[in-house]
Amino acid sequence: MLPSDEKKAAYRAILEYLDSVELYLDSELSSLLEEITSDMDPESMAEETRQALDTVCQDIDTYMAENGEAITAYLKYKKSDAFQKTPAARLERRLREFQNESGYTEVFIHNMERLSPEYRAYLARLKEADRLLTEKFPEAEASYRGEM
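For the record, in the sequence shown the residue sitting at position 59 is 59 according to the numbering used here, with numbers rising by one throughout.
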């Protein structure tokens, strides 16, 4: 049972969103998404994400020393024509379109924050990590907005 009217309203909004939202992917992108996610273990992904967020937020300099070159190479690759022509780039663009058009952030994420203090704390750490990394790699912001 949800403890407050606000949480009940958030829960209802999430259910309504999930019941009404549709994500269309052509067969190639659908197969790619299935392939990418088939070997993912949610628990280990959550732990790896938590550890990375902790490192970024607590010691950005150490994180940069360990990962800066890889991030630079990744951002360079994402700008390349070679990447832009891949199914992975198409999938990324389609998922970004979905987020922008479906109310994902405004409805789903907003109500997850209202519903879950743990998610709210996670999102705050994610935003802080994003801020720190964007300070180190300003070009990354354009990448995530799809302006490559």
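Ideal Cβ positions, reconstructed from N, Cα and C, are used throughout, including at glycine. Everything numeric in this text was worked out from a predicted model, so none of it was measured.
In the structure shown, TYR24 adopts coil according to DSSP, grouped into three states. Note on geometry: alpha-carbon atoms of CYS57 and THR134 lie some 12 Å from one another. Excluding residues up to 5 positions away in sequence, LEU53 and CYS57 lie with their Cβ nearer than 7 Å to the Cβ of ARG125 in the same chain.
In this structure LEU123 is not in contact with ILE60, their Cβ atoms being roughly 19 Å apart against a cut-off of 8 Å. Of the candidates GLU35, ALA140 and ASN111, the residue whose Cα lies closest to the Cα of ASP5 is ASN111.
CA-to-CA, the gap between SER27 and GLN99 works out to about 20 Å. Taking the Cα positions, ALA82 is about 15 Å away from LEU91. Along the length of the region 69-99, whole alpha helix (DSSP H) runs at least 4 residues long occupy 81-84, reported in chain order. In the three-state reduction of the DSSP assignment, PRO3 falls in the coil class. Here LEU115 is buried. Its C-beta has 16 or more other C-beta atoms within 10 Å. C-alpha of ASP41 to C-alpha of THR49: approximately 12 Å in a straight line.
For ALA142, the closest of LYS79, THR105, SER102 and GLU97 by C-alpha to C-alpha distance is LYS79. For TYR77, the number of other beta carbons within 10 angstroms of its own is below 16, and it is reported as exposed. In terms of Cα proximity to GLU139, the closest of TYR17, THR72, SER30 and GLU66 is THR72.
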